[in-house]
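K.L.:
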Amino acid sequence: MDLYNDARAYPEQLRGYATVVPAAELASHGLTPASARWRSDHGRIDRAHHGTYLLGGTDLLDRCRAALVQCHPGAVIGFQTAAALHGFGVVEDARIHVVVPCGSNFPWRPGIRVHQSVLPVAEPMLWSGTPCTPPARTAIDLARVLPRPQALSTMDAALFAKASDADALAAEVLRHRGLAGARRARELVGLADGRAECAQESHLRLLLHDAALLTSFVPQYPVLDDGGEYVRYRLDLADPEHKVAAEYDGASHLGRPSVRRDRRRHNWLDERGWLMRYFTDAELYHDPGAIVRTLRHAIARRRHGPAILGLSR
3 MDLYNDARAY PEQLRGYATV VPAAELASHG LTPASARWRS DHGRIDRAHH GTYLLGGTDL
63 LDRCRAALVQ CHPGAVIGFQ TAAALHGFGV VEDARIHVVV PCGSNFPWRP GIRVHQSVLP
123 VAEPMLWSGT PCTPPARTAI DLARVLPRPQ ALSTMDAALF AKASDADALA AEVLRHRGLA
183 GARRARELVG LADGRAECAQ ESHLRLLLHD AALLTSFVPQ YPVLDDGGEY VRYRLDLADP
243 EHKVAAEYDG ASHLGRPSVR RDRRRHNWLD ERGWLMRYFT DAELYHDPGA IVRTLRHAIA
303 RRRHGPAILG LSR
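For the sequence shown, our numbering gives the first residue as 3, with consecutive numbering after it.
(1) On a CA-only basis, which of Phe281, Cys73, Arg207 is nearest Pro112? Give me that one, please.
(2) Where Leu351 and Ala194 are concerned, what is the direct C-alpha to C-alpha distance, given to the nearest angstrom?
(3) Mind checking Trp110: buried by the 16 CB within 10 Å criterion, or exposed?
(4) State yes or no: is the C-beta of Ser155 within less than 7 angstroms of the C-beta of Ala201?
(5) With a threshold of 7 angstroms between beta carbons, is Arg97 in contact with chain C?
(6) Using 8 angstroms for Cβ pairs, my map puts Arg279 next to Val246. What's the rounded Cβ distance?
(7) With distance defined between alpha-carbon atoms, name the residue in Pro136, Val92, Arg65 nearest to Ile114.
(8) From the DSSP output, in three-state form, read off Met127 for me.
(9) Just tell me which of Thr83, Val294, His244, Gly131 has its CA closest to the CA of Pro137.
(10) So the alpha helix (DSSP H) Pro151 belongs to, where does it begin and stop?
(11) Grouping DSSP H, G and I as helix and E and B as strand, with all else coil, what is Tyr19?
(12) For the candidate residues Arg97, Val100, Asp264, Phe90, whose alpha-carbon lies nearest to that of Asp167?
(13) In three-state DSSP terms, what is Phe281?
(14) Near Ala292, which residues of its chain fall below 6 angstroms by C-beta distance, leaving aside the five closest residues on each side in sequence?
(15) So does the segment 92 to 105 actually touch the segment 149 to 164, counting three or more Cβ pairs closer than 8 angstroms?
(16) Can you pull the DSSP bridge partners for Ser119?
(17) Measuring CB atoms only, is the segment 204 to 218 touching the segment 166 to 181, in the sense that at least three cross pairs come out at less than 8 angstroms?
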């Protein structure tokens, strides 16, 4: 999920109504192993894993419960799966991720990714009765193993969803000191910002940080109406001093109504002195240097060009 609002709303859709049935208990539900396999092959029931079936409509919560049946008693849901349950699942993975104590034996199962952890999960959080790593632990676990852009978007989304706060992330990352990826996670905790609204905004902000441009750019900067009474528009990333804005232009802007709204918005901002610069995924992921050059040029134009006076924010 690229949009943090969608990720935040996702857990509200989960119901967990399915019944988890180990193969040994099929008879109590009127099923033989052969009939269960036939129903599974024909889409009537869900064979979640070897020896475990789900009866009824299934969702992520049901699949988590089925996975835990297969696991060590101390196992909890973690990583991408826990992030989805907590409302910041912006790095998707179809597998169910579980965290088990280091040294636990676990037979390989399709669709389950097991993480052996040397760092105990002191107090698992129960999500509709399903034990998960707490939000801050989940975010830092992911930040240690994901590429930097995805790690930052995960933490931004956690803050956006209010699943965690900056202090909790900072405290949690200290517990991971000495583990692989902890230093990178600690750097990104300092950059995490809950004002970003989608993964691409977070990735764009990281790009500006790496280019030493971020200090002048503010996420989701509010531009007030001419009377200064209410927020007319918000800019993805804005340099208020030089009135330069960087915006991610995604697929949602391609429809005719969106194009018309964007043109009105652009013209209104342009009339008030904003230099608007728009970037697509092609530049963000395949030519990031072009973004940096464009913004450096825009800032230099404002610094050395004629002063713009009397323009309201």
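Virtual Cβ for every residue (Gly too), placed ideally from N, Cα, C.
P.N.:
Reading from the atomic positions:
(1) Indexing the sequence shown from 1 puts residue 112 at position 110. The residue with the shortest Cα to Cα distance from Pro112 is Cys73.
(2) This structure cannot settle anything about residue 351, because the visible part of the chain is limited to 3 through 315.
(3) As a working mapping, residue 110 is identified with position 108 in the sequence shown. Result: exposed.
(4) The residue labelled residue 155 in the question sits at position 153 within the sequence shown. The residue labelled residue 201 in the question sits at position 199 within the sequence shown. In this structure, Ala201 lies closer than 7 angstroms to Ser155 by Cβ.
(5) Protein chain content of the structure displayed is limited to a single chain, and chain C is not contained in it.
(6) Position 277 of the sequence shown, counted from the start, is the residue given in the question as residue 279. Position 244 of the sequence shown, counted from the start, is the residue given in the question as residue 246. Confirmed, about 7 angstroms.
(7) Position 112 of the sequence shown holds residue 114. Out of Pro136, Val92, Arg65, Arg65 has the C-alpha closest to the C-alpha of Ile114.
(8) As a working mapping, residue 127 is identified with position 125 in the sequence shown. DSSP places Met127 in strand when its eight states are reduced to three.
(9) Residue mapping note: residue 137 aligns to position 135 of the sequence shown, counting from 1. Comparing Cα-Cα distances from Pro137 to each of Thr83, Val294, His244, Gly131, the minimum goes to Thr83.
(10) Residue 151 sits at position 149 when you count from the first residue of the sequence shown. From DSSP, the alpha helix (DSSP H) with Pro151 extends over 150 to 162.
(11) Here residue 19 refers to the residue found at position 17 when the sequence shown is read from its first residue. Tyr19: coil per DSSP, three-state reduction.
(12) Position 165 of the sequence shown, counted from the first residue, corresponds to residue 167. Considering only alpha carbons, the answer is Phe90.
(13) Your numbering for residue 281 matches position 279 in the sequence shown. Reduced to three states, the DSSP call for Phe281 is strand.
(14) Within the sequence shown, the letter at position 290 stands for residue 292. Cβ neighbours of Ala292 beyond the five flanking positions: Glu285.
(15) yes
(16) The residue given as residue 119 occupies position 117 in the sequence shown. DSSP lists Pro103 as partners of Ser119.
(17) Cβ pair count under 8 angstroms is below three, so no.
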